[in-house]
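For the sequence shown, our numbering assigns the number 90 to the initial residue and increments by one for each residue that follows.
Note that the Cβ used here is the ideal one computed from N, Cα and C, for glycine as well.
No experiment lies behind these values; they were computed from the predicted model shown.
Have a look at the structure below, then the notes.
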Amino acid sequence: MPLLLARRKALDPRAFDKDFWAEIRERAIEIARPLFTDLFLLGAELGRSVTPAKVGRKELLPVDPALINRQLDDVLDTYLDDWWRGLQKTTDEGLRAAIRRASVAGTGVDGVIKDIAPLFAPSRLQRIAATESTRLLGMGAQATYKASGLDEWEWQTVRDARVDPICRQLQGKRYPMETAFQPAHVSCRCFPKPVVPA
90 MPLLLARRKA LDPRAFDKDF WAEIRERAIE IARPLFTDLF LLGAELGRSV TPAKVGRKEL
150 LPVDPALINR QLDDVLDTYL DDWWRGLQKT TDEGLRAAIR RASVAGTGVD GVIKDIAPLF
210 APSRLQRIAA TESTRLLGMG AQATYKASGL DEWEWQTVRD ARVDPICRQL QGKRYPMETA
270 FQPAHVSCRC FPKPVVPA
């Protein structure tokens, strides 16, 4: 019995300590903010490069940079909190489940370490990076469309063999500009295309 108790103690406290998560959150947001800012602004610039249908030559959509920067501040303040909450929740749930399984199986710390490896694997980080890049590029593009006075956007896939069936069904579907673009699935590569009046 003392061995089982020792195993449970070894598995438990720090993973669920609020101060620990607060410290990790602060460091993660400090690193993420400039990256997310760059992605949003790149999306805004890509949004500017869309050619209006009524213009015969390539032209940039006119945008006041101050409007984009205000939208950037508004978006990031909310987005960073939501992003972190989602990341912490899935990681926390994965850790708790691994500890429960190890406790039941009696595999101890080694069992937890093996079980949580996918939570910290490069493949998970790549999926998160791809999904969040898509989201931020789309939000930046939408900021440009809003600042240009456009009313609608349309779902645009990359139109290759890897397009997910979910996205294929969304291709060309139109939304009011107030509807925020969100990736349809993990590792989505789609983009909101502006609907420009003819």
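Using C-beta distances below 8 Å, list every residue in its chain close to residue i, excluding the 5 sequence neighbours before and after it, in chain order.
{"i": "alanine 269", "result": "Met228 and Gln231"}
{"i": "alanine 99", "result": "Below a pLDDT of 50, predicted positions are generally treated as unreliable, and alanine 99, at 47, falls in that range; the measurement from the model is reported next regardless. Here the set comprises Gly197 and Val198."}
{"i": "glutamate 243", "result": "Gly261, Lys262, Arg263, Tyr264, Pro281, Lys282, Pro283 and Val284"}
{"i": "isoleucine 205", "result": "Gly183, Leu184 and Ala187"}
{"i": "leucine 165", "result": "Arg122, Phe125, Thr126 and Phe129"}
Count the other CB atoms within 10 Å of the CB of residue i; is the residue buried (16 or more) or exposed (fewer)?
{"i": "proline 281", "result": "buried"}
{"i": "lysine 262", "result": "exposed"}
{"i": "proline 283", "result": "buried"}
{"i": "serine 237", "result": "buried"}
{"i": "arginine 122", "result": "exposed"}
{"i": "leucine 226", "result": "buried"}
{"i": "phenylalanine 209", "result": "exposed"}
{"i": "arginine 251", "result": "exposed"}
Closer than 6 Å by C-beta to residue i: which residues in its own chain qualify, once you throw out the five before and the five after it? Chain order, please.
{"i": "valine 247", "result": "Arg278"}
{"i": "arginine 114", "result": "Trp173"}
{"i": "leucine 70", "result": "Nothing in the structure corresponds to residue 70, since the chain is present only between 90 and 287."}
Per DSSP, what are the beta-bridge partners of residue i in this structure?
{"i": "glutamine 245", "result": "Phe280"}
Beta-carbon within less than 7 Å of residue i's beta-carbon, same chain only, minus the 5 sequence neighbours each way: which residues are those?
{"i": "glutamate 241", "result": "Arg263, Tyr264, Pro265, Met266 and Val284"}
{"i": "valine 275", "result": "Arg216 and Thr220"}
{"i": "valine 193", "result": "none"}
Looking at the structure shown, is residue i part of a helix, part of a strand, or coil, going by DSSP?
{"i": "proline 265", "result": "strand"}
{"i": "alanine 206", "result": "helix"}
{"i": "proline 154", "result": "helix"}
{"i": "arginine 216", "result": "helix"}
{"i": "glutamine 160", "result": "helix"}
{"i": "threonine 196", "result": "coil"}
If we call anything under 8 Å between Cβ atoms a contact, is residue i one with residue j?
{"i": "arginine 224", "j": "glutamine 258", "result": "no"}
{"i": "serine 222", "j": "leucine 156", "result": "no"}
{"i": "alanine 273", "j": "aspartate 249", "result": "no"}
Is residue i a contact residue of the ligand HEM, with contact defined as CB to any heavy atom under 7 Å?
{"i": "phenylalanine 209", "result": "Among the components modelled here there is no ligand, and therefore nothing to report on the ligand HEM."}
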